[in-house]
Amino acid sequence: MVDNPYEAMFKEGLKVQQKLLKGFENMLQVQDVEAGVTPRELVYQEDKVRLFHYRGDSKSKIPVPLLVVYALVNRQYMMDIQEDRSMFRKMLANGIDLYVVDWGYPSKMDRYLTMEDYIMGYLDNIVDFVRKKTGLKKINMLGVCQGGTYTAIYAALYPEKIKNLVVMVAPVDFDTRDGLLNIWSKSMDVDLMVDTLGNIPGELMNLGFLWLKPFQLIVDKYVGLLDNMENPAAVRNFLRMEKWIFDSPDQAGEAFRKFIKDLYQENKLVKGEFTLGGMKVDLKKITMPVLNIYGEQDHLVPPSCSLPLSKLVGSKDVTTRSFPLGHIGMYVSLRSQEELAPLIIKWLAERSAPQAAASSKPKAAAGTRRK
Amino acid sequence: MAEETAGKQNPFSLWNEWQQSLWNNWMDMAKKGMESGVAAGPGIAPGAAWGDWYQKWLKSVQEAWGITSPGDGLGATVYNRVMNAANVYTDIMNFWIKAMAPLAKLEPGVPLTEEKIKELYDGWVKDYQGVMDMLWGQFPSQDVQELAKSWKSATDAYAAYTWNFMSPVFRNMEAMPDMMKRAATGEGGAAAEAAGLFWKNYYDTVGKALRAPTLGYWREFTERQDKAVDAYIAFNSALAQYYALLYSTGSQTGEKIFKKLAEFKDKEMTPQTYREFYRIWWTINEEAYHDLFMSEEFAKLFQEVVTQGMHFKKWSDDLWDQYIKFTNLPSKSDMDEIYKAIYDLKKELRKQKRMIGDIEARSGKKAARAKPEA
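Residue numbers (this note's numbering), protein chains in the order written: chain A, 854 to 1224; chain B, 13 to 386.
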C-alpha cells in the first residue's frame, strides 16, 4: 500500500508517456517487417497454389520428406515468423527435408474452387510432385489447423501415399459448444453468404476471429505492447505478429460453403457421411502412424474438436500429445520451440526408415482418381 | 402662427411619437412572446402569445397613424382587405398553436395510447378543415367555394388513409415505456427489443410501400431500388439491436466493476495503479462478453445482422448491375459468368491432361511431338 496513491498514479502516467514516446520513435525506425525468414525455393506452382522447398544448412537426416499443409484462413509463414521462433528452422536444423504448401490469395476468379479442387486437385498434385522429385512412394505430412483437417481427409483418401501423418490443432469433431466458432457457425446461413459475396473476405474472417476475444485482441494486446515499446526488437516481433494476424486471404466460396455446411454444421466427417469427389471419406482408412497434437487452451480449435481424431483413425500407432498453449502459442511460443518441434522431429525420425523408391511415373491407383 | 402651429402638432414630433409607440409595442410584444415561448408547460401552449401578434401590431400601427376606424367606401374596403389578408398567416399559425396545445396539456408519465392519439389526430383534422373553410369561405366566387367544399370532403378520406398508414407505429410504441423500464433495470434483451421497435414500425408502414409491386416503364428498376432501400433499413435495424445488446452488456459490466472495486475497498485492497484497475476492467469485460457471445440470444442477433447484411449487399450489387447496364462496363453477374466458364474450362483441361497422361502411361510411350523442320 503506497503512502500517496495519487502520486503513484501520476508517476505511472508519466512513465507510460515516456514509454510511448520512446516506442513511437522505435516504430518510426521500422521500415518494413519481414516475415518468413528461412530461405526457400519455389519448386511447383499450379494456379495460385505454390510449393516451396526449404533449404537448411544441415544435410537431411530423415530420409522421408515432410510436406507441411497450413490452413487456408491464414498464411503459413506463422511457422517461420522470426529466426528464434521458427518451427521450419528447427526442423531443418534437425535434418528434415521440408516442403511447405502456400495456398496463395484467392481472387474473385477462384470463387468456384471446391474442397475437391483443393484436396483431390492441388494437394494431390503436390504430393505426387514431391513423391516424384524424391523418388519415394510415400511422404510424411504435417497438417496444421484447417490444413490438418484437409490433410486428414487426404490421408483417408490416399493412404498409400502417406508414410506418417502429423496433425496439429486440427478440428475434426465440430459438434461441440466449447468454442465460439462452433456455436456461431451452427446458425450461419452460409449459402446466403457465399451466393452474395462469392469469396468470403479475409477481413470478415478477421473480424470474426477478433470477436472471439475482443478485449484481449483489440485492447490488451496493444496495452501489452506499451511495456515493450522501448525495445526495438520487441516492437519488430510484435509488428511481425500483427502483420500475420491481419494478413488473411479470402476464402474461395464453394470450398468455404462445403467446409462450413458439411463439417461445422453437419459434422459429417466424424459421422462417416463426408464425401469428396464422389468418394466417401472414411477416417478408418488412415492406417499410417498418426501424431495428434492439440492445445489445451486453444479457443479457436478446442480440445474437444481435435482430440477425437485419435480414436477415429484406423491406425494402430497413434500418439496423442497436448500442450498447455493456445492456438497461436502452438507455433510461436518458446515451448513450441523447446518441446513441440523436437517432439515432431523425434516422432518422425523413429518412423521414417528408408523405403523402396517409387517408379518414375506415378501409377494411377485404382478407385482413387477424382472424376 | 405659433398658436396655429401649437394646435396642429409638429410632423417631426408626430413621427417621433409614432416611432416610439411602434418600438414600445414591438418590445412589449416580443417580451410577452418570449415569456410564453420559454415558459410553456402544463396548460400553456408554446408560442401562444404570437398568435394574436399581428392583430396587436396592426392595431398599434393604426393607433400611431390615428386611424381608429377606416370608415366606409371603396378605399376603406380595399384597405381592410389588404390589411386583413395577412390574417391568413396568423390564422394558420393559430391553427398550429392550437394543434400543439393538447400535447402541452398531456399529463407527464401517462402513457400515450393509440386511442388517445386518434382523438388528438381527429381534433387536428377538424381544426384544419375549419381553417380551410375560413380561408376559402371568404372567397367571393361560388365556384371556388364549391371547390373548397369538395376539398374538405377529400381531406376526410386523406386523413383516414394517413391514419391507417401510421396507426401501426402508435400501436407498437405503446410497448416502449415498458421496454425502457426493463432496459433501465439491466435486462439485456430489452434494449435490443426497444431498438427493434423502429424496425417493427418501419416494417408495418413505410416498409409495406417499399415492398409493394411497382408500375410503369421503370418498374423493374424501381422495384430493385425499393428492395435495396428496404434491405438497407433492415440491416441498420438489425445492427441497432445488435449494438443495443452490446451496450447493455457494457452497462452491466460497469456495475460489476464498481461492485468489485467496492469489495476490494472492504478488504483494503484497492488498485493502486492504472494498470491494476485496467486489469480488473478488461478481465471482467472479457468474461461478461464471452458469456454474452455464448448465449442463444446473441447467436440469433448475430445471425440476423449477417443475414440482413447479406440481403443488403445482394440487392445493392443487383442495383449496381442495373446502373452498369447502361454503360459498356461488365457487371458483377457478367464477371461471375466468365469466372465460372474459366473454372469449368480449367477443370476440363486438367481432366483431359490426366486422361492423356494415363493413355501415354498405358501405351508405354510418349505421344510424338511435332518438331520444327531444321
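Where is the CB? At the ideal position from N, CA and C, for every residue including glycine.
*Return the bridge partner residues of L1144 of chain A from the DSSP annotation.*
In the first sequence, counting from the first residue as 1, residue 1144 of chain A sits at position 291. A:V1019 and A:T1172.
_Contact under 8 angstroms by Cβ, D1115 of chain A with V1022 of chain A_ = Reading the first sequence from its first residue, position 262 is the one you call residue 1115 of chain A. Reading the first sequence from its first residue, position 169 is the one you call residue 1022 of chain A. No, Cβ-Cβ distance for D1115 of chain A and V1022 of chain A is not below 8 angstroms.
*asked:* Taking 8 angstroms as the threshold (C-beta atoms), are S1175 of chain A and M940 of chain A in contact?
replied: Looking up residue 940 of chain A in the first sequence gives position 87. Looking up residue 1175 of chain A in the first sequence gives position 322. Contact flag unset, no.
*May I ask you to report which of helix, strand or coil DSSP gives I368 of chain B?*
One-based indexing of the second sequence puts residue 368 of chain B at position 356. Looking at I368 of chain B - three-state DSSP - the assignment turns out to be helix.
*Got a sec: which bits of the segment 213-234 of chain B sit with their beta carbon under 7 angstroms from any beta carbon on chain A, in order along the chain?*
none
*asked:* I'd like the span of the beta strand (DSSP E) that includes D955 of chain A, first residue to last.
replied: Here residue 955 of chain A refers to the residue found at position 102 of the first sequence. From DSSP, the beta strand (DSSP E) with D955 of chain A extends over L951 to D955.
*Taking C-beta to C-beta, are L874 of chain A and L1079 of chain A nearer than 8 angstroms?*
Looking up residue 874 of chain A in the first sequence gives position 21. Looking up residue 1079 of chain A in the first sequence gives position 226. Not in contact: L874 of chain A and L1079 of chain A (Cβ atoms no closer than 8 angstroms).
*Could you pull out every residue in the same chain whose Cβ sits closer than 7 angstroms to the Cβ of A946 of chain A, ignoring the five residues on either side in sequence?*
Here residue 946 of chain A is taken as the residue at index 93 of the first sequence, counted from 1. Closer than 7 angstroms at Cβ, skipping near neighbours: G909 and S911.
*chain A residues whose Cβ lies nearer than 8 angstroms to that of A311 of chain B*: If you number the second sequence from 1, residue 311 of chain B lands on position 299. Correct list: I1036, W1037, K1039 and S1040.
*State buried or exposed for F1062 of chain A, treating a residue as buried only when at least 16 other CB atoms are found within 10 Å of its CB.*
Taking the first residue of the first sequence as position 1, residue 1062 of chain A is located at position 209. Buried is the call here.
_Quick check: what's the CA-CA separation for Q1104 of chain A versus G1001 of chain A?_
The sequence position of residue 1104 of chain A within the first sequence is 251, counting from 1. The sequence position of residue 1001 of chain A within the first sequence is 148, counting from 1. When rounded, the distance between both Cα atoms is 17 angstroms.
_Against chain A, does I292 of chain B count as a neighbour if the rule is that its beta carbon must be under 8 angstroms from one of theirs?_
Counting from one through the second sequence, the residue named residue 292 of chain B turns up at place 280. No, I292 of chain B lies away from the interface with chain A (no Cβ there is under 8 angstroms from its Cβ).
*asked:* Once the 5 residues before and after D950 of chain A are set aside, which same chain residues still bring their CB inside 6 angstroms of it?
replied: Residue mapping note: residue 950 of chain A aligns to position 97 of the first sequence, counting from 1. Excluding residues within five positions, the ones whose Cβ falls inside 6 angstroms are S913 and P918.
_D977 of chain A burial status per 10 Å Cβ neighbour count (16 or more: buried)_ = Taking the first sequence and counting its residues from 1, the one referred to as residue 977 of chain A is at position 124. Counting Cβ neighbours within 10 Å, D977 of chain A comes out buried, since at least 16 surround it.
*Would you please verify whether the beta carbon of N297 of chain B is less than 8 angstroms from any beta carbon of chain A?*
Indexing the second sequence from 1 puts residue 297 of chain B at position 285. Chain A, which has a Cβ nearer than 8 angstroms to the Cβ of N297 of chain B, makes this yes.
*Considering Y965 of chain A, what are the terminal residues of the beta strand (DSSP E) in which it resides?*
If you number the first sequence from 1, residue 965 of chain A lands on position 112. It is not in any beta strand (DSSP E) - Y965 of chain A carries neither H nor E in the DSSP assignment.
*Proximity to T217 of chain B [Cα-Cα], best of B:D190, B:S179 and B:W230*: Against the second sequence, residue 217 of chain B aligns to sequence position 205. The residue with the shortest Cα to Cα distance from T217 of chain B is B:S179.
*Below 7 angstroms CB to CB, which residues in the same chain sit around D242 of chain B once its five sequence neighbours on both sides are set aside?*
Sequence index remark: in the second sequence, residue 242 of chain B carries index 230 (1-based). Excluding residues within five positions, the ones whose Cβ falls inside 7 angstroms are G219, L222 and R223.
*Return the chain-ordered list of same chain residues with a C-beta closer than 7 angstroms to the C-beta of Q10 of chain B, the five sequence neighbours on each side being excluded.*
Nothing about residue 10 of chain B can be read from this structure; chain B reaches only from 13 to 386.
_Helix, strand or coil at T261 of chain B according to DSSP, with G and I counted as helix_ = Within the second sequence, residue 261 of chain B is the residue found at index 249, counting from 1. T261 of chain B falls in the helix class under three-state DSSP.
*Expressed to the nearest angstrom, what Euclidean distance is found between the alpha-carbon atoms of F1099 of chain A and K1133 of chain A?*
As a first step, residue 1099 of chain A must be located in the first sequence, where it is residue number 246. As a first step, residue 1133 of chain A must be located in the first sequence, where it is residue number 280. Straight-line Cα distance between these residues: approximately 35 angstroms.
*Looking at L995 of chain A and V922 of chain A, is the spacing between their C-beta atoms short of 8 angstroms?*
Along the first sequence, read from residue 1 onward, the residue named residue 922 of chain A stands at position 69. Along the first sequence, read from residue 1 onward, the residue named residue 995 of chain A stands at position 142. Their beta carbons are under 8 angstroms apart, which means V922 of chain A touches L995 of chain A by this criterion.
*asked:* Which same chain residues end up closer than 6 angstroms to M931 of chain A when comparing Cβ atoms and leaving out the 5 residues on each side of it in sequence?
replied: Numbered from 1 along the first sequence, position 78 holds the residue referred to as residue 931 of chain A. Excluding residues within five positions, the ones whose Cβ falls inside 6 angstroms are W1097 and Y1184.
_Determine, for D1250 of chain A, whether the minimum Cβ-Cβ distance to residues of chain B falls below 8 angstroms._
Lying before the first or after the last residue shown, residue 1250 of chain A is absent from chain A, which here runs from 854 to 1224.
*Please check if any C-beta of chain A sits within less than 8 angstroms of the C-beta of K110 of chain B.*
As a position in the second sequence, residue 110 of chain B is number 98, starting the count at 1. Cβ-Cβ to chain A under 8 angstroms: no for K110 of chain B.
_Bridge partners - T905 of chain A, DSSP secondary structure assignment_ = Residue mapping note: residue 905 of chain A aligns to position 52 of the first sequence, counting from 1. As written in the sequence, residue 905 of chain A is Phe, which differs from the Thr given in the question. In DSSP, F905 of chain A forms a bridge with A:L895 and A:V953.
*asked:* Please confirm whether T1128 of chain A has its beta-carbon closer than 8 angstroms to some beta-carbon of chain B.
replied: Position 275 of the first sequence, counting from 1, holds the residue named residue 1128 of chain A. False, the Cβ-Cβ gap to chain B never drops below 8 angstroms.
_T125 of chain B classed as buried or exposed, judged by whether at least 16 other C-beta atoms fall within 10 angstroms_ = Within the second sequence, residue 125 of chain B is the residue found at index 113, counting from 1. Exposed.
_Contacting positions in the segment 335-356 of chain B - beta carbon closer than 9 angstroms to chain A_ = K344, M347, D348, I350, Y351, K352, I354, Y355 and D356
*Nearest-angstrom Cα distance between R942 of chain A and I1053 of chain A?*
Within the first sequence, numbered from 1, the residue matching residue 942 of chain A stands at position 89. Within the first sequence, numbered from 1, the residue matching residue 1053 of chain A stands at position 200. C-alpha separation (whole angstroms): 32 angstroms.
*Whole angstroms is fine: what's the gap from Q320 of chain B's alpha carbon to L341 of chain B's?*
If you number the second sequence from 1, residue 320 of chain B lands on position 308. If you number the second sequence from 1, residue 341 of chain B lands on position 329. Looking at the two C-alpha atoms, the distance is approximately 28 angstroms.
*What does a CB cutoff of less than 6 angstroms around I368 of chain B pick up in its chain, not counting 5 residues either side in sequence?*
If you number the second sequence from 1, residue 368 of chain B lands on position 356. There are no such residues.
_On a Cα-Cα basis, can you pick out the residue from A:L1160, A:C998, A:G1148 and A:P1207 that is closest to E1192 of chain A?_
As a working mapping, residue 1192 of chain A is identified with position 339 in the first sequence. Of the listed residues, the one whose Cα sits closest to E1192 of chain A is A:G1148.
*Keeping to the same chain, check which residues put their C-beta closer than 8 angstroms to that of Q9 of chain B; ignore five residues upstream and five downstream.*
An answer regarding residue 9 of chain B cannot be provided, because it is not within the stretch 13 to 386 covered by chain B.
*chain B contact for F1068 of chain A (CB, 8 angstroms cutoff)*: Here residue 1068 of chain A corresponds to residue number 215 of the first sequence, with the count starting at 1. Yes, contact with chain B.
*Span separating the alpha-carbon of G134 of chain B from that of M105 of chain B*: Reading the second sequence from its first residue, position 122 is the one you call residue 134 of chain B. Reading the second sequence from its first residue, position 93 is the one you call residue 105 of chain B. Looking at the sequence itself, residue 134 of chain B is Asp, so the reference to Gly does not match. Roughly 19 angstroms separates the two Cα atoms.
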